[in-house]
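S.K.: Going by the working numbering, the first sequence opens with residue 16, and the numbers climb by one from there. In this text, a Cβ means the ideal position worked out from N, Cα and C, and glycines have one as well.
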Amino acid sequence: MPELPEAETVRRGLETETVGRRISRVEVTGLRSVRRHPDPGEPDRRLRGQRVQAVGRVGKFLTLAAGPEVLVVHLGMSGQLLLSDGAGPRPPHSHVVVVFEDGSELRFVDPRTFGQVFLSAGPEPGRRGRPAELAHLGFDPLTDGLPAGRFAALLRSRRTMLKALLMDQRFVAGIGNIYSDEILFAARLRYDHPASALDEEQAKALYRHLLRILRASVRLGGSSLSDMQYRDVYGRPGRYQERHLVFAREGLACTGCGGPIRRQAWGGRSTFYCPGCQIPGPGPRRG
DNA sequence: CAGATGCCCTGGGCGC
DNA sequence: TGCGCCCAGGGCATCT
Numbered sequence: 016m017p018e019l020p021e022a023e024t025v026r027r028g029l030e031t032e033t034v035g036r037r038i039s040r041v042e043v044t045g046l047r048s049v050r051r052h053p054d055p056g057e058p059d060r061r062l063r064g065q066r067v068q069a070v071g072r073v074g075k076f077l078t079l080a081a082g083p084e085v086l087v088v089h090l091g092m093s094g095q096l097l098l099s100d101g102a103g104p105r106p107p108h109s110h111v112v113v114v115f116e117d118g119s120e121l122r123f124v125d126p127r128t129f130g131q132v133f134l135s136a137g138p139e140p141g142r143r144g145r146p147a148e149l150a151h152l153g154f155d156p157l158t159d160g161l162p163a164g165r166f167a168a169l170l171r172s173r174r175t176m177l178k179a180l181l182m183d184q185r186f187v188a189g190i191g192n193i194y195s196d197e198i199l200f201a202a203r204l205r206y207d208h209p210a211s212a213l214d215e216e217q218a219k220a221l222y223r224h225l226l227r228i229l230r231a232s233v234r235l236g237g238s239s240l241s242d243m244q245y246r247d248v249y250g251r252p253g254r255y256q257e258r259h260l261v262f263a264r265e266g267l268a269c270t271g272c273g274g275p276i277r278r279q280a281w282g283g284r285s286t287f288y289c290p291g292c293q294i295p296g297p298g299p300r301r302g
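1) How would you call Gly302, buried or exposed, if buried means at least 16 neighbouring beta carbons within 10 angstroms?
2) Buried or exposed: which applies to Leu213, given that a residue is buried once 16 or more other Cβ atoms fall within 10 Å of its Cβ?
3) Quick check: the segment 228-241 against the segment 104-112, are at least 3 beta-carbon pairs closer than 8 Å?
4) From Tyr288 to Leu170, what does the alpha carbon distance come to, in whole angstroms?
5) What are the complete beta strand (DSSP E) segments, minimum 3 residues, inside the segment 121-194?
6) With a cut-off of 8 Å on the beta carbons, I'd call Tyr255 and Leu235 a contact; round off their distance for me.
7) Could you give the first and the last residue of the continuous alpha helix (DSSP H) run that contains Ile228?
8) Between Gln217 and the rest of its own chain, which residues show a CB-CB distance below 8 Å, the 5 nearest in sequence each way excluded?
9) Determine the direct distance from the alpha carbon of Leu157 to that of Arg246, and round the result to whole angstroms.
10) Using only alpha-carbon positions, find the residue among Glu257, Leu77, Phe133, Arg174 that is nearest to Arg60.
11) With respect to the alpha helix (DSSP H) encompassing Arg61, which residues constitute its N-terminal and C-terminal limits?
12) Does the distance from the C-beta atom of Gly274 to that of Gly291 stay below 7 Å?
13) Anyone know if the C-beta pair for Asp125 and Ser93 falls short of 7 Å?
14) With a threshold of 6 Å on Cβ separation, who are the neighbours of Gly28 within its own chain once the five nearest residues in sequence on each side are excluded?
15) Would you mind reading off the limits of the beta strand (DSSP E) that contains Arg72?
16) Near Glu21, which residues of its chain fall below 6 Å by C-beta distance, leaving aside the five closest residues on each side in sequence?
17) Would you kindly check if the distance between the Cβ of Ala188 and the Cβ of Gly164 is under 7 Å?
18) Should Gly191 go down as buried or exposed, given a rule of 16 or more other Cβ atoms within 10 Å for buried?
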């Protein structure tokens with residue numbers, strides 16, 4: 016499930032491999048992947064002949080600037096961006112393929128089609144020229160450099176449960192189910208702890224763990240789960256899953272207390288936590 | 001406004 | 001061996 020560290024790993028690969036290359040055409044075969052475009056031929060028309068200038072990222076979204084155009088990619092659940100020299104057959108579910116003038120290809124492969132590819136309608140005024148379609152996203156933990164005190168104040172103003180807030184892309188961009196569980200375990204806070212119940216020090220500590228874990232995962236190329244769906248642009252899996260302390264570890268011994276990690280259905284998906292180490296918070300105040 | 005729910009979609013795992 | 005069921009979950013729409 017590509018989250019920020021996986022998107023950042025892909026971004027680095029794209030930056031290395033595609034900046035400076037000229038696009039000769041874009042082949043779209045998966046209409047759902049370009050669902051924001053009423054006309055699926057639009058990406059080809061607008062990108063033809065443009066040279067890739069920069070590769071950016073906001074949360075889980077990737078952006079390729081090419082001439083006046085910005086191509087935005089979200090990997091969804093099962094999306095991959097794979098580089099190829101253009102020889103050999105394309106893998107199944109290659110819904111969008113950017114062909115460069117040397118014949119090499121950038122293939123958007125996405126079996127479950129939760130991901131998407133679209134050309135931005137333009138930059139949002141202010142906010143560092145972020146594509147307008149990404150205006151709703153909150154701060155990016157690795158690129159926006161939000162001071163800890165600001166984070167703590169923002170967090171403590173919300174009454175939402177911590178996990179819901181960490182996964183809320185409007186609050187902070189890039190954290191999903193895996194990293195929210197890992198961050199909350201590191202901070203010794205349970206998923207259902209109300210954000211507003213944290214004191215200043217707890218909120219700052221949570222932020223430190225958030226940054227530390229995302230950076231550590233980027234260093235190891237992100238997390239590939241048992242399905243090995245996540246791959247970088249060279250097709251390599253990540254290695255951060257070896258460092259997961261709670262995610263997908265139901266029944267295994269907690270590294271903190273030795274007790275079993277618990278799995279809880281919550282918000283329509285699985286949450287993993289240690290009942291011994293992670294505190295649930297004060298609960299609703301009475302009186 | 002915030003929380004809950006359902007939908008989209010396919011491959012893989014599992015029970016029978 | 002094979003079929004059908006269920007699950008994985010990010011983002012969004014919709015309802016309360």
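M.R.: For this structure:
1) Confidence at Gly302 is low in this model, with a pLDDT of 28, below 50, so the placement of that residue is unreliable and no value is reported for it.
2) buried
3) no
4) 21 Å
5) 131-134
6) 4 Å
7) 215-234
8) Ala202, Leu204
9) 21 Å
10) Phe133
11) 57-62
12) yes
13) yes
14) Asp247, Val248
15) 67-73
16) Gly237, Tyr245
17) no
18) buried
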